[in-house]
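Colleague: One line per chain: the protein sequences are A and B, in this order.
Counting from 1, position 83 in the first sequence corresponds to residue 83 in the numbering used here; the numbering is continuous, with no gaps.
Position in the second sequence (from 1) plus 192 gives the number in the numbering used here.
This structure is in structure tokens; I'll ask about it shortly.
Protein chains: 2
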Amino acid sequence: MTDKDARTRLVEGMADLLWERGYVGTSPSAVLARAGVGQGSLYHHFAGKQELAVAGIRRNADTLTRAARDALDGPGTAYERLERFLLRDRDVLRGCRIGRMTQDPDVFAAEPLRQPVADALSWVRGAIAAVIEQGQARGELVPVIAPDDLAGTILSTLQGGYVLARADHDEERFTAAVRGLLGLLKALVVTP
Amino acid sequence: MTDKDARTRLVEGMADLLWERGYVGTSPSAVLARAGVGQGSLYHHFAGKQELAVAGIRRNADTLTRAARDALDGPGTAYERLERFLLRDRDVLRGCRIGRMTQDPDVFAAEPLRQPVADALSWVRGAIAAVIEQGQARGELVPVIAPDDLAGTILSTLQGGYVLARADHDEERFTAAVRGLLGLLKALVVTP
DNA sequence: GTCTATAATCTGATAGAC
DNA sequence: GTCTATCAGATTATAGAC
Numbered sequence: 001m002t003d004k005d006a007r008t009r010l011v012e013g014m015a016d017l018l019w020e021r022g023y024v025g026t027s028p029s030a031v032l033a034r035a036g037v038g039q040g041s042l043y044h045h046f047a048g049k050q051e052l053a054v055a056g057i058r059r060n061a062d063t064l065t066r067a068a069r070d071a072l073d074g075p076g077t078a079y080e081r082l083e084r085f086l087l088r089d090r091d092v093l094r095g096c097r098i099g100r101m102t103q104d105p106d107v108f109a110a111e112p113l114r115q116p117v118a119d120a121l122s123w124v125r126g127a128i129a130a131v132i133e134q135g136q137a138r139g140e141l142v143p144v145i146a147p148d149d150l151a152g153t154i155l156s157t158l159q160g161g162y163v164l165a166r167a168d169h170d171e172e173r174f175t176a177a178v179r180g181l182l183g184l185l186k187a188l189v190v191t192p
Numbered sequence: 193m194t195d196k197d198a199r200t201r202l203v204e205g206m207a208d209l210l211w212e213r214g215y216v217g218t219s220p221s222a223v224l225a226r227a228g229v230g231q232g233s234l235y236h237h238f239a240g241k242q243e244l245a246v247a248g249i250r251r252n253a254d255t256l257t258r259a260a261r262d263a264l265d266g267p268g269t270a271y272e273r274l275e276r277f278l279l280r281d282r283d284v285l286r287g288c289r290i291g292r293m294t295q296d297p298d299v300f301a302a303e304p305l306r307q308p309v310a311d312a313l314s315w316v317r318g319a320i321a322a323v324i325e326q327g328q329a330r331g332e333l334v335p336v337i338a339p340d341d342l343a344g345t346i347l348s349t350l351q352g353g354y355v356l357a358r359a360d361h362d363e364e365r366f367t368a369a370v371r372g373l374l375g376l377l378k379a380l381v382v383t384p
């Protein structure tokens, strides 16, 4: 990590700390310590904490959307693709690096911070909805629920699963919620 | 509010600020300002910020479990009771006053802060599971999903619904997720 | 019990040397 | 570009008056 330039190390350090501690819980000095750079580099490359945080959030958003796309794309029926997405490897107790930002009061209030969070979650929701829509069009899924609504339910279950798991320090809370959701989704699968 | 004693006003002020700004985002001085009391009162009644926060979290936990019980208890089929719980009036954009605490790094790390959060969410999950179990026992719901798993899915959808709504500054994201969930739950209802 | 005064430390940012 | 030095203000807490 020390082989990269100061700017890159600052963005990576901020991205990690935003995931761990959120925006109000992250101080510029903590980022500097993690990145191993001096005060001057931060204020040379960025206007301040907020501008660096925007870059950190964008980085985390890229990681999230890439992982979602990798799981949702590829072969299989709609159910199989959703299952692959729901069961993909996750650092459950760390929570969602993007979803957690919505609880931060300063992120909620400042448009530059909130926009990339909203964009990333909307993108994932849209990708899930597309799989559902295709499944309904192909006759794999019973079309009793609007794809957008069901995509919201699926993404919400994941986001809420992180919440319950972190409350109990127990990944199983997340796994149980996903298991329940997969049970519900199976009822939509058209059996020939 | 000024007609109550300093201790009560401190707990109420802390509870409100924990909901709005979380633990790391709330300073003792902000609580003092909201409660309208001096520094001395805080450190007379509590050992410090953390002990006051424990009292604030307990207060918010009481509010949550009371509201959940009021919606889940009462007449109706299992589906009707779950629907009443899912559609109850909520201050969606403010998020869940208990669920949001799980994203706070200091709450996640400090047992005295985390325990009342875990207890409250477990209580609500158990109350939902009891309704499902009863519904399955009475033959109202198809018993294809373990009540505990499904209760986790339902509570997760709510917690995640807050996340999506706050990301977009739009209550409809929460409502859509709940609508999708109700659609899934309807498939479990036994039709005579 | 409640208040104000004080203090050590941290926060977010600027100045200016190299 | 990157660094260290510095700074005004906030944070968390203690001391002691009333």
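Note that CB positions come from ideal geometry on N, CA and C, so glycine has one too.
#1: At the 7 Å Cβ level, is F300/B part of the contact set with chain A, yes or no?
#2: Quick one: what does DSSP say V189/A is sitting in, helix, strand or coil?
#3: How would you list, in chain order, the residues of chain B whose beta-carbon sits under 7 Å from the beta-carbon of A176/A?
#4: Output yes if chain A places a C-beta closer than 7 Å to the C-beta of Q351/B; else output no.
#5: Between the stretch 122-146 of chain A and chain B, which residues of the former have CB atoms less than 8 Å from a CB of the latter, in chain order?
#6: Would a check of beta-carbon distances place L356/B closer than 7 Å to chain A?
#7: Give the DSSP-derived three-state secondary structure of L87/A in the structure shown.
#8: Residues of chain A with a CB under 8 Å from the CB of D360/B: which are they?
#9: Would you say M193/B faces chain A, with C-beta separation under 7 Å as the test?
#10: Please confirm if G248/B has its CB atom under 7 Å from at least one CB of chain A.
#11: Taking the DSSP output, what are the residues bridged to L93/A?
#12: Determine the chain B residues that contact L82/A at a beta-carbon separation under 8 Å, and present them in chain order.
#13: For the candidate residues R179/A, A177/A, E140/A, Y43/A, whose alpha-carbon lies nearest to that of T191/A?
#14: Listing by chain order, which chain B residues have their CB less than 9 Å from the CB of P192/A?
#15: Closest to R280/B by CA distance: which of R330/B, L234/B, R258/B, P297/B is it?
#16: With 7 Å as the threshold, decide whether the Cβ of Q295/B is near any Cβ in chain A.
#17: Determine whether the Cβ of G291/B lies closer than 7 Å to any Cβ atom of chain A.
#18: Around the C-beta of Q39/A, are 16 or more other C-beta atoms found within 10 angstroms, so that it is buried, or is it exposed?
#19: Hey, is R21/A's beta-carbon within less than 7 Å of any beta-carbon in chain B?
#20: Do you know how far the Cα of S219/B is from the Cα of D104/A?
#21: In chain B, which residues lie with their C-beta within 7 Å of the C-beta of R179/A?
#22: What span of residues does the alpha helix (DSSP H) with S348/B cover, start to end?
#23: Below 7 Å between beta carbons is the criterion; list the residues of the stretch 225-244 of chain B that meet it against any residue of chain A, in chain order.
#24: Taking just the CA atoms, how far does R273/B sit from P267/B?
#25: I need the straight-line Cα distance from M193/B to R201/B, nearest angstrom please.
#26: Could you tell me which of S233/B, G318/B, F366/B sits nearest to L264/B, measuring between CA atoms?
#27: With a 10 Å radius around its C-beta and 16 neighbouring C-beta atoms as the bar for buried, classify V54/A as buried or exposed.
#28: Is R226/B near G240/B, with beta carbons less than 7 Å apart?
#29: Using 8 Å as the cut-off, can you tell me whether the stretch 15-24 of chain A makes contact with the stretch 102-120 of chain A, which would need three or more C-beta pairs spanning the two stretches below that distance?
#30: Looking at the strands, I want to know which residues DSSP matches up with L333/B.
#31: Would the stretch 306-322 of chain B and the stretch 119-137 of chain A be scored as touching if the rule is three or more Cβ pairs under 8 Å?
#32: Just the Cα atoms here: how many angstroms apart are L377/B and P112/A?
#33: Would G344/B be called buried (16 or more neighbouring beta carbons within 10 Å of its own) or exposed?
#34: When the distance is taken between beta carbons, is G375/B closer than 7 Å to I145/A?
#35: Grab the span of the alpha helix (DSSP H) containing R261/B for me, first residue to last.
Modeller: Checking against the coordinates, here is how it stands:
#1: Position 108 of the second sequence, counting from 1, holds the residue named residue 300/B. For F300/B, the answer is yes, since a Cβ of chain A falls inside 7 Å of its Cβ.
#2: The residue you call residue 189/A lines up with position 189 of the first sequence. V189/A: strand per DSSP, three-state reduction.
#3: In the first sequence, the residue the question calls residue 176/A occupies position 176. For A176/A, the residues of chain B that pass the 7 Å Cβ criterion are D340, D341, G344, in the order they occur in the chain.
#4: Residue numbering aside, residue 351/B sits at position 159 when the second sequence is read from its first letter. At least one chain A Cβ lies under 7 Å of Q351/B.
#5: S122, R125, V144, I145, A146
#6: Looking up residue 356/B in the second sequence gives position 164. It does: the Cβ of L356/B has a partner Cβ on chain A nearer than 7 Å.
#7: Taking the first residue of the first sequence as 1, we reach residue 87/A at position 87. Reduced to three states, the DSSP call for L87/A is coil.
#8: Here residue 360/B refers to the residue found at position 168 of the second sequence. Those within 8 Å of D360/B in chain A are A118, L121, S122.
#9: Here the question's residue 193/B lines up with position 1 in the second sequence. Bear in mind that the predicted position of M193/B carries a pLDDT of just 48, short of 50, making it unreliable; the figure below should be weighed with that in mind. Judged by the 7 Å Cβ criterion, M193/B is not in contact with chain A.
#10: Here residue 248/B refers to the residue found at position 56 of the second sequence. So no, G248/B is outside the interface.
#11: In the first sequence, residue 93/A corresponds to position 93, counting from 1. Its beta-bridge partners do not exist; DSSP assigns none.
#12: Taking the first residue of the first sequence as position 1, residue 82/A is located at position 82. Chain B residues near L82/A: none, gap ~13 Å exceeds 8 Å.
#13: By 1-based counting over the first sequence, the position of residue 191/A is 191. Closest by C-alpha distance to T191/A, out of R179/A, A177/A, E140/A, Y43/A, is E140/A.
#14: For the purposes of this step, residue 192/A is identified with residue 192 of the first sequence, where counting begins at 1. What P192/A touches in chain B, judged by beta-carbon distance under 9 Å, is nothing: the nearest beta carbon there is about 18 Å away.
#15: Taking the first residue of the second sequence as position 1, residue 280/B is located at position 88. Of the candidates R330/B, L234/B, R258/B, P297/B, the one whose C-alpha sits nearest the C-alpha of R280/B is R258/B.
#16: Counting from 1 along the second sequence, the entry for residue 295/B is found at position 103. Interface residue, yes.
#17: In the second sequence, residue 291/B corresponds to position 99, counting from 1. For G291/B, the answer is yes, since a Cβ of chain A falls inside 7 Å of its Cβ.
#18: Walking along the first sequence from the start, residue 39/A turns up at place 39. Exposed: under 16 other Cβ atoms inside 10 Å.
#19: Along the first sequence, one-based indexing puts residue 21/A at 21. Output row for R21/A: interface = yes.
#20: By 1-based counting over the first sequence, the position of residue 104/A is 104. By 1-based counting over the second sequence, the position of residue 219/B is 27. Straight-line spacing of the CA atoms in D104/A and S219/B works out to 15 Å.
#21: Position 179 of the first sequence holds residue 179/A. Neighbours of R179/A on chain B, chain order: D341.
#22: Reading the second sequence from its first residue, position 156 is the one you call residue 348/B. First-last of the alpha helix (DSSP H) with S348/B: 339-360.
#23: none
#24: For this step, residue 267/B is matched to residue 75 along the second sequence. For this step, residue 273/B is matched to residue 81 along the second sequence. Approximately 7 Å, taken between the alpha carbons.
#25: In the second sequence, the residue the question calls residue 193/B occupies position 1. In the second sequence, the residue the question calls residue 201/B occupies position 9. Note that M193/B scores 48 on pLDDT, short of 50, meaning its location in the model is unreliable and no value can be drawn from it.
#26: Here residue 264/B refers to the residue found at position 72 of the second sequence. Selected option, being the one with the closest Cα: G318/B.
#27: Locating residue 54/A in the first sequence gives position 54, where the first residue counts as 1. Classification for V54/A: buried.
#28: Taking the second sequence and counting its residues from 1, one reaches residue 226/B at position 34. Taking the second sequence and counting its residues from 1, one reaches residue 240/B at position 48. Contact: no.
#29: yes
#30: Position 141 of the second sequence holds residue 333/B. Answer by DSSP bridge pairing, in chain order: V381/B.
#31: no
#32: On the second sequence, residue 377/B is found 185 positions in, with the first residue counted as 1. On the first sequence, residue 112/A is found 112 positions in, with the first residue counted as 1. About 38 Å.
#33: In the second sequence, residue 344/B corresponds to position 152, counting from 1. Buried, since its Cβ has 16 or more Cβ neighbours within 10 Å.
#34: Indexing the first sequence from 1 puts residue 145/A at position 145. Indexing the second sequence from 1 puts residue 375/B at position 183. Cβ distance < 7 Å, so I145/A and G375/B count as in contact.
#35: Residue 261/B sits at position 69 when you count from the first residue of the second sequence. Note, R261/B: alpha helix (DSSP H), 241-264.
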